[in-house]
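In order, the protein sequence lines correspond to chains A and B.
Positions 1 to 341 (full-length UniProt numbering) are the ones given, in order, by the first sequence.
Positions 1 to 341 (full-length UniProt numbering) are the ones given, in order, by the second sequence.
All C-beta atoms, glycine included, are put in the ideal place defined by N, C-alpha and C.
Below is one structure, written out as structure tokens; the observations come after it.
Protein chains: 2
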Amino acid sequence: MVKIVVDAMGGDNAPEEIVKGALLALRERENFSVLFTGDEARIRAELAKTPHDASRVEVRHCTEEITNDDVPTHAIRSKRDSSLVVGMTLLKEDPEAAAFVSAGSTGAVLTGGIMLIGRIKGVLRPALCPGIPNVRGSRTLLCDCGANAECKPQYLEQFAIMASAYGKAAFHMEHPRVGLLTNGTEEHKGDTLHQEAHQLLKANPNIEFAGNIEGRDIMFGDVDVAVADGFSGNIALKSVEGCGKTVSAILKREFKKNLASKLAYLCARKQIKGLADMLDYAKLGGSVFLGLKKVVVKSHGSSKANAICPSVIQALDAYNNRLVETIEEMLTSGALEKQDA
Amino acid sequence: MVKIVVDAMGGDNAPEEIVKGALLALRERENFSVLFTGDEARIRAELAKTPHDASRVEVRHCTEEITNDDVPTHAIRSKRDSSLVVGMTLLKEDPEAAAFVSAGSTGAVLTGGIMLIGRIKGVLRPALCPGIPNVRGSRTLLCDCGANAECKPQYLEQFAIMASAYGKAAFHMEHPRVGLLTNGTEEHKGDTLHQEAHQLLKANPNIEFAGNIEGRDIMFGDVDVAVADGFSGNIALKSVEGCGKTVSAILKREFKKNLASKLAYLCARKQIKGLADMLDYAKLGGSVFLGLKKVVVKSHGSSKANAICPSVIQALDAYNNRLVETIEEMLTSGALEKQDA
Chain A
1 MVKIVVDAMG GDNAPEEIVK GALLALRERE NFSVLFTGDE ARIRAELAKT
51 PHDASRVEVR HCTEEITNDD VPTHAIRSKR DSSLVVGMTL LKEDPEAAAF
101 VSAGSTGAVL TGGIMLIGRI KGVLRPALCP GIPNVRGSRT LLCDCGANAE
151 CKPQYLEQFA IMASAYGKAA FHMEHPRVGL LTNGTEEHKG DTLHQEAHQL
201 LKANPNIEFA GNIEGRDIMF GDVDVAVADG FSGNIALKSV EGCGKTVSAI
251 LKREFKKNLA SKLAYLCARK QIKGLADMLD YAKLGGSVFL GLKKVVVKSH
301 GSSKANAICP SVIQALDAYN NRLVETIEEM LTSGALEKQD A
Chain B
1 MVKIVVDAMG GDNAPEEIVK GALLALRERE NFSVLFTGDE ARIRAELAKT
51 PHDASRVEVR HCTEEITNDD VPTHAIRSKR DSSLVVGMTL LKEDPEAAAF
101 VSAGSTGAVL TGGIMLIGRI KGVLRPALCP GIPNVRGSRT LLCDCGANAE
151 CKPQYLEQFA IMASAYGKAA FHMEHPRVGL LTNGTEEHKG DTLHQEAHQL
201 LKANPNIEFA GNIEGRDIMF GDVDVAVADG FSGNIALKSV EGCGKTVSAI
251 LKREFKKNLA SKLAYLCARK QIKGLADMLD YAKLGGSVFL GLKKVVVKSH
301 GSSKANAICP SVIQALDAYN NRLVETIEEM LTSGALEKQD A
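Written as structure tokens, this is what we have:
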């Protein structure tokens with residue numbers, strides 16, 4: 001049976017919400033099992049709270065944890081018995097292990113992914129790719145959003161290919177439209193990096209390049225993939241997140257002001273919920289770390305069960321839909337074969 | 001009398017909405033007059049529609065317009081009788097002219113500002129600085145948001161100083177808290193440019209440096225000034241704009257679905273308006289182009305009268321509150337004296 005390895009100790013709400021979320025996923029989908037890595041006693045205590053099919057759950061005890069305070073490279077090397085290192089090693093070595101999900105330190109997940117699982121042949125730099133809710137009611141894949149603060153044009157070209165492969169494999173996008181995130185829509189916009197990347201994207205026959213896009217097009221535009229260097233991609237992702245949080249804080253404040261506004265909320269709660277649902281990141285799962293030999297999903301550090309559940313399902317779907325193989329095929333079928341870092 | 005020069009031909013809704021907006025500003029504030037540059041017949045036709053004090057309005061006829069299709073440097077040099085070139089030249093030469101407001105091509109406003117009005121002595125690169133509505137109900141000054149796609153660490157340091165001066169002069173911020181926009185809050189985050197800028201900001205005694213901030217802190221944080229290179233600042237600004245537009249599109253859709261949702265809107269319209277007001281960019285005016293010898297305000301290209309009016313008032317206030325002098329004082333009082341580009 002296909003197995004999803006879940007880092008039970010990663011994130012602000014571990015292990016309680018992580019375990020709870022993974023059990024939710026088991027209830028939603030059949031034909032897979034979960035293997036938790038982490039403090040067995042704490043994981044078992046949480047498992048005991050929720051009825052579940054014990055034959056679909058395994059626990060691998062680990063004595064260590066990697067935190068946000070650890071230096072990633074050092075932690076991956078020295079904390080060999082951490083939930084993250086044990087989980088990723090399992091993913092690499094166990095042929096039944098399909099994917100790894102963690103809400104732990106982003107830096108450690110990225111470093112561990114590259115050191116322990118390894119890159120697909122030909123991939124210059126793996127990249128983080130979350131789905132951002134958009135005005136069309138679907139998602140825009142933003143790649144890279146933080147794995148690579150400093151990029152070369154060739155990296156951006158590969159981000160476009162990997163995210164397109166992800167769109168095809170996981171979201172049935174037949175010809176994902178790709179935009180290059182810069183400071184204007186004209187072809188000459190941006191710094192040298194983005195100008196050169198624009199030319200590479202334009203010349204690449206394997207992607208559907210729609211030209212440069214601006215930040216507003218991530219949510220309010222018509223592309224399926226927004227390609228970014230990891231620095232500005234991260235800024236775009238977090239800016240949107242801050243705007244969403246601000247909207248929800250203001251709505252809460254407005255509707256809690258007095259009795260009249262509380263009544264108004266009762267009238268309009270269905271519509272407000274419609275908005276909240278559309279903007280809900282958690283529902284869309286985590287960021288997939290594209291370019292590794294196996295599927296790795298990084299969930300937000302503040303994830304609760306309702307965010308872990310879709311992350312586990314997302315990991316399962318990505319595996320079942322042959323994400324890694326699709327990236328391999330797209331990378332080797334095209335012009336990228338001749339390029340090198 | 002203090003005179004605000006208004007480019008009547010710039011933007012998608014010129015000259016109608018530009019003239020209308022400037023007349024609104026005349027009604028809201030006393031002790032200033034407006035000088036329109038542009039097609040006199042069209043401006044007069046619009047003036048005739050709204051009762052106003054004719055002694056506070058002048059028109060300077062021009063035969064040319066600069067559009068978004070023009071190459072800025074070439075347009076500034078060749079279209080000498082355009083509303084933008086004539087307006088900026090007036091601003092420079094007329095001692096009564098206090099500020100210039102345009103909703104025209106950003107590139108042309110930036111190029112014209114530098115070529116025709118000139119930089120304050122010691123300013124390495126002027127920068128665009130809009131105010132972004134934040135969760136506290138005030139605004140975060142984002143500088144630079146697009147004038148300089150490629151930056152050096154010293155530019156970022158000056159952006160911090162100029163935006164702090166703007167906060168002091170225009171918004172009564174006594175000690176504006178400054179954050180450096182990067183991909184993480186830790187000191188070592190970002191590329192070399194941002195790491196070096198971090199050290200300069202930390203060492204500068206004239207600003208209140210709060211460390212690195214992430215995109216989410218622009219709207220959902222506690223800084224008054226967010227310093228950014230013009231490339232990622234532009235992406236942050238537009239990302240937030242796209243999120244706001246998406247929220248308002250979804251709300252419209254949700255509340256227009258059927259009769260029940262239309263009734264729900266009637267109940268909650270006060271709260272929805274509360275949200276719309278807080279997120280309303282137009283109300284906050286345009287982006288000030290900091291670092292020039294005179295006040296220049298760039299209003300959004302899609303500005304209607306309700307956005308032009310606050311831009312004119314913002315320009316007047318910036319002049320009356322000695323924006324240019326405050327920048328000069330802050331630049332020369334500190335460590336920056338010794339630096340050079």
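One thing to note: A:Leu128 has its Cβ within 9 angstroms of the Cβ of A:Cys143. In the displayed model, B:Ser83 falls within a helix according to three-state DSSP.
In terms of beta-carbon proximity, A:Leu180 stays away from the interface with chain B, with every pair separated by 9 angstroms or more. Chain A places a beta carbon closer than 9 angstroms to that of B:Tyr265, counting this residue as a contact. In chain order, Ala149 place their CB closer than 7 angstroms to the CB of A:Phe231, counting only its own chain and leaving out the 5 sequence neighbours on each side. Taking 9 angstroms as the Cβ-Cβ cut-off, the region 243-261 of chain B approaches chain A at Cys243, Gly244, Lys245, Thr246, Val247, Ala249, Ile250, Leu251, Arg253, Glu254, Phe255, Lys257, Ala260 and Ser261, given in chain order. Listed in chain order, the positions of the region 145-156 of chain B with a beta carbon within less than 8 angstroms of a beta carbon of chain A are Gly146, Ala149 and Glu150. Counting every other CB atom within 10 Å of its CB across the protein chains shown gives B:Gln158 a total of 16 or more, marking it as buried. The three-state secondary structure of B:Pro205, taken from DSSP, is coil. B:Glu17 and B:Asp7 have their C-alpha atoms spaced approximately 12 angstroms apart. Taking the CA atoms as reference points, A:Ala108 sits about 42 angstroms from B:Gly286. Collapsing the DSSP output to three states places B:Asp7 in a strand. The three-state secondary structure of A:Gly38, taken from DSSP, is strand. In its chain, beyond the 5 residues on either side, Ala305 have a beta carbon closer than 6 angstroms to the beta carbon of B:Lys20. By the neighbour-count criterion, in which 16 or more other beta carbons inside 10 Å mark a residue as buried, A:Gln199 falls on the exposed side. The DSSP assignment places complete beta strand (DSSP E) segments of no fewer than 3 residues inside the region 141-219 of chain A at 177-181 and 208-213, in order along the chain.
Taking a C-beta cut-off of 8 angstroms against chain B, the contacting residues of the region 207-226 of chain A are Glu214, Gly215, Arg216, Asp217, Ile218, Met219, Phe220 and Gly221, listed in chain order. Taking a Cβ-Cβ cut-off of 9 angstroms, the neighbours of A:Lys270 in chain B comprise Glu254, Ala260, Ser261 and Ala264, given in sequence order.
Secondary structure at B:Val312: helix, using DSSP grouped into helix, strand and coil. Remark: three or more beta-carbon pairs, one from each stretch, lie closer than 8 angstroms, so the region 234-245 of chain B and the region 231-240 of chain A are flagged as touching. Judged by beta-carbon spacing, A:Lys252 lies beyond the 9 angstroms limit of A:Ala99, meaning their Cβ atoms are not closer than that value. Contact annotation: A:Cys62 and A:Ser78 have beta-carbon atoms that are not nearer than 9 angstroms. Beta-bridge partners assigned by DSSP to A:Arg60: A:Thr37.
Its chain contains Phe36, Glu40 and Ile43 as the residues whose beta carbon lies nearer than 6 angstroms to that of A:Val59, once the 5 sequence neighbours on both sides are disregarded; these appear in chain order. At the C-beta level, B:Thr332 and B:Lys168 stay beyond 9 angstroms of one another. Sixteen is the threshold: when 16 or more other Cβ atoms of the shown chains lie within 10 Å of the Cβ of B:Leu90, as they do, the residue is buried. In the DSSP assignment, B:Phe255 falls within the alpha helix (DSSP H) that extends over Gly230 to Phe255. Annotation for B:Met173: Gly167 and Asp224 place their beta carbon closer than 6 angstroms to its own, counting only its chain and skipping 5 residues before and after. Excluding five sequence positions before and after B:Ala97, the CB atoms of its chain that fall closer than 6 angstroms to its own CB belong to Lys3, Val5, Leu90 and Leu91, given in chain order.
The beta carbon of A:Ser239 sits closer than 9 angstroms to some beta carbon of chain B.
In the displayed model, A:Ser287 falls within a strand according to three-state DSSP. At least 9 angstroms separates the CB of B:Ser102 from every CB of chain A. When rounded, the separation of the alpha-carbon atoms in B:Arg119 and B:Asp53 is 35 angstroms. The Cβ atoms of B:Ser303 and B:Asn13 sit closer than 9 angstroms to each other. Here A:Lys293 carries a coil assignment [DSSP, helix/strand/coil]. When secondary structure is reduced to three states using DSSP, B:Gly112 falls in the helix class.
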